[in-house]
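Residue numbers (the numbering used here), protein chains in the order written: chain A, 8 to 146; chain B, 8 to 146. Report on the structure given below.
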DNA sequence: CTACTATTTTGAATATGTTTCAAAGAACAA
DNA sequence: TTGTTCTTTGAAACATATTCAAAATAGTAG
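Here it is, written out as structure tokens:
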């Protein structure tokens, strides 16, 4: 999600309404590479929108996922994170500080999935997660 | 975890006690390829051990993970699954029926991770998850 | 076999993240 | 301006996992 206007048009084209809350959430996400959780988004917004609720945050995040403008990152058990950068890439979780980094395909390629394997299992999606200690935590 | 006796010896060698609950949990896991959740294990045991508690289940599963006899499978958001088959392999989740299948490395290889990438991020672990519709659900 | 000690189990309470719900509010088309 | 439909809200409910202190037990030593 690199372009707010495109997302707004997409919402409109599906008959969805452009509310201040949705705009604010989109603004928090636009170009955001920190893989925020629902709580992260909430905390970024609660000062500007003191009545915004988690229900709205969760619902909007879900909507954006359905529109293909956002991806869930489930690298951390029991806490969904979200990624507005939807091109294929991997993720790395620092198990000490909890930071998530992208690992681009140039550094680690997607594992090749033969068509017959794809068919056999009915694969429609995949993800690769890495765990470790980030440079700052390695000391 | 293909051999209960080895796990028992490992527990003993760490000064951990062999309790009926631990034995029962190990028996449920031994050779189990269904990737059970804590609840699955609980339900398998509650009839034979009417007083067994989730606290015990969770704690024992954690202990077995620490011993390297069990692996967490976090393919399903917000629900840990466990896998006693600890050799490297991938996992597939059917998004309709929730079943988890193994995908062996012969079908999809591990993506190659260059040493410099491993160092750069401090990678110590990785996993590959696949999502789709299993044959039974594809109809 | 008995007694001791450290470990383990238990049930209840708590924590955390997410979803549901119905009422109130707001967007937007006519 | 009005009406319809969608959206937001706060509270409650839900699901999974963890913590805690008291009671129970395994394993050891005598």
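Cβ atoms here follow ideal geometry from the backbone N, Cα and C, with glycine treated the same way. What you are looking at is a predicted structure, and each value in this text was computed from that prediction instead of being measured.
Residue i touches chain A at which residues, Cβ-Cβ below 7 angstroms?
i             : result
residue 114/B : 124
residue 4/B   : Lying outside 8 to 146, the shown extent of chain B, residue 4/B is not represented and no answer is given.
residue 19/B  : Residues of chain A passing the Cβ test: none, with the nearest at roughly 29 angstroms.
residue 145/B : 129
So which residues of chain B does residue i contact, with C-beta pairs closer than 9 angstroms?
i             : result
residue 141/A : 128, 129
Can you list the residues of chain B that residue i reaches, using a CB-CB cut of under 7 angstroms?
i             : result
residue 85/A  : 85
residue 90/A  : Residues of chain B passing the Cβ test: none, with the nearest at roughly 14 angstroms.
residue 118/A : 115, 116, 117, 118, 135
Find the residues of chain A that neighbour residue i, judging by a C-beta separation of less than 9 angstroms, and give them in chain order.
i            : result
residue 81/B : 81, 82, 83, 84, 85, 136
Could you check what DSSP says for residue i in three-state terms: helix, strand or coil?
i             : result
residue 139/B : strand
residue 44/A  : strand
residue 25/A  : coil
residue 54/B  : coil
residue 12/A  : helix
residue 145/A : helix
residue 32/B  : helix
Using the beta-carbon of each residue, which ones in chain A are nearer than 8 angstroms to residue i?
i             : result
residue 132/B : 137, 138, 139
Item to check | Within the region 61-135 of chain B, ranges of the alpha helix (DSSP H) (whole runs, at least 4 residues) | outcome: 61-73, 122-128
Checklist entry - Just checking, does the region 26-46 of chain A make contact with the region 29-49 of chain B on the three C-beta pairs under 8 angstroms criterion? => result no
Checklist entry - Are the region 29-42 of chain B and the region 88-105 of chain B touching, with three or more C-beta to C-beta distances below 8 angstroms? => result yes
Next on the checklist: Can you confirm whether the region 18-35 of chain B touches the region 54-70 of chain B when touching is taken to mean that 3 or more C-beta pairs between the two stretches lie within less than 8 angstroms?
Outcome noted: yes
Next on the checklist: With a threshold of 8 angstroms, are at least 3 pairs of Cβ atoms found where one atom belongs to the region 102-117 of chain B and the other to the region 102-114 of chain A?
Outcome noted: They do not touch, by the three-pair rule.
Checklist entry - Is there contact between the region 136-143 of chain A and the region 126-137 of chain B, where contact requires at least three CB pairs shorter than 8 angstroms? => result yes
Next on the checklist: If the cut-off is 9 angstroms on Cβ atoms, which residues from the region 91-110 of chain A count as contacting chain B, listed in chain order?
Outcome noted: 97, 99, 101, 102, 108, 110
Checklist entry - Are the region 78-85 of chain B and the region 51-66 of chain B in contact at 8 angstroms, needing three or more beta carbon pairs? => result Per the Cβ contact rule, the region 78-85 of chain B is not in contact with the region 51-66 of chain B (fewer than 3 Cβ pairs under 8 angstroms).
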